[in-house]
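Written out below as structure tokens is the structure these notes cover.
In my numbering, the protein residues as written are 5 to 139.
Laid out in structure tokens, this is it:
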């Protein structure tokens, strides 16, 4: 019996789908889908427009798709429309610290881990997509 190898991931075939928050300072999710429509990652974040702050709850990209710039692109899609906002993150893994250090240098935003943020972004997020490596 011979098994066919799957073709390598193709970052150009990825689709980014945004689900906006349904409540003020609620969770927004950018879902990454491969060329066949399978979920390969997500970025979950919350924003408070009155306080001009935002918080990255999680960013996760499936193993074979990591280190292709997909997390970078998802984060830019979240941050670029709001250049003056202060962004924070949850506590980060070792990979997450490296990722956010590079992104801080690239964007000029601090992405402070574990910072309190604004009082409107307090409840833990619910209902965003499945795994991959958490950064």
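Ideal placement from N, C-alpha and C gives every residue a C-beta, glycine not left out.
* Asked: What residue from 121, 115, 13 has the CA that sits closest to residue 83's CA?
  -> The count along the chain shown starts at 1 and reaches residue 83 at position 79. Ranking 121, 115, 13 by Cα distance to residue 83 puts 115 first.
* Can you tell me whether DSSP reads residue 61 as helix, strand or coil? -> The residue you call residue 61 lines up with position 57 of the chain shown. When secondary structure is reduced to three states using DSSP, residue 61 falls in the strand class.
* **residue 62 vs residue 48 beta-carbon contact at 8 Å** => The residue given as residue 62 occupies position 58 in the chain shown. The residue given as residue 48 occupies position 44 in the chain shown. In contact: residue 62 and residue 48 (Cβ atoms closer than 8 Å).
* To do: Count the other C-beta atoms from every protein chain shown that fall within 10 angstroms of the C-beta of residue 16, then say buried if there are 16 or more, exposed otherwise.
  => The residue labelled residue 16 in the question sits at position 12 within the chain shown. Residue 16 comes out exposed.
* **Given residue 19 as reference, the closest of 66, 120, 81, 39 once Cα atoms are compared** => Position 15 of the chain shown holds residue 19. Looking at the Cα atoms, 39 is the closest of the given residues.
* **Assigned exposure category for residue 136 - 16 Cβ within 10 Å defines buried** => In the chain shown, residue 136 corresponds to position 132, counting from 1. Confidence is the limiting factor: at residue 136 the pLDDT is only 43, short of 50, which leaves the residue's position unreliable, though a coordinate-based value still follows. Under this definition residue 136 is a buried residue.
* Asked: Who are the Cβ neighbours of residue 23 in its own chain at under 6 Å, not counting the five residues just before and after it?
  -> On the chain shown, residue 23 is found 19 positions in, with the first residue counted as 1. Its chain contains 33 as the residues whose beta carbon lies nearer than 6 Å to that of residue 23, once the 5 sequence neighbours on both sides are disregarded; these appear in chain order.
* For the alpha helix (DSSP H) that contains residue 50, what are its first and last residues? -> What you label residue 50 is simply residue 46 of the chain shown in a count that begins at 1. Per DSSP, residue 50 lies in no alpha helix (DSSP H) segment; the continuous beta strand (DSSP E) that holds it begins and ends at 43-52.
* Asked: When DSSP builds the beta bridges, which residues end up paired with residue 15?
  -> Here residue 15 corresponds to residue number 11 of the chain shown, with the count starting at 1. Bridge partners of residue 15: none, in fact.
* For residue 21, three-class secondary structure by DSSP -> For the purposes of this step, residue 21 is identified with residue 17 of the chain shown, where counting begins at 1. In the three-state scheme derived from DSSP, where H, G and I count as helix and E and B as strand, residue 21 is classed as strand.
* Asked: Could you give the distance in angstroms between the alpha-carbon of residue 50 and the alpha-carbon of residue 108?
  -> Here the question's residue 50 lines up with position 46 in the chain shown. Here the question's residue 108 lines up with position 104 in the chain shown. If I take the Cα positions, the gap works out to 18 Å.
* Asked: Is the closest heavy atom of the ligand GTP to the C-beta of residue 99 under 7 Å?
  -> As for the ligand GTP, it is missing from this structure, which has no ligand bound.
* To do: Could you spell out the range, first to last residue, of the beta strand (DSSP E) harbouring residue 35?
  => The residue given as residue 35 occupies position 31 in the chain shown. For residue 35, the enclosing beta strand (DSSP E) has its first and last residue at 31-37.
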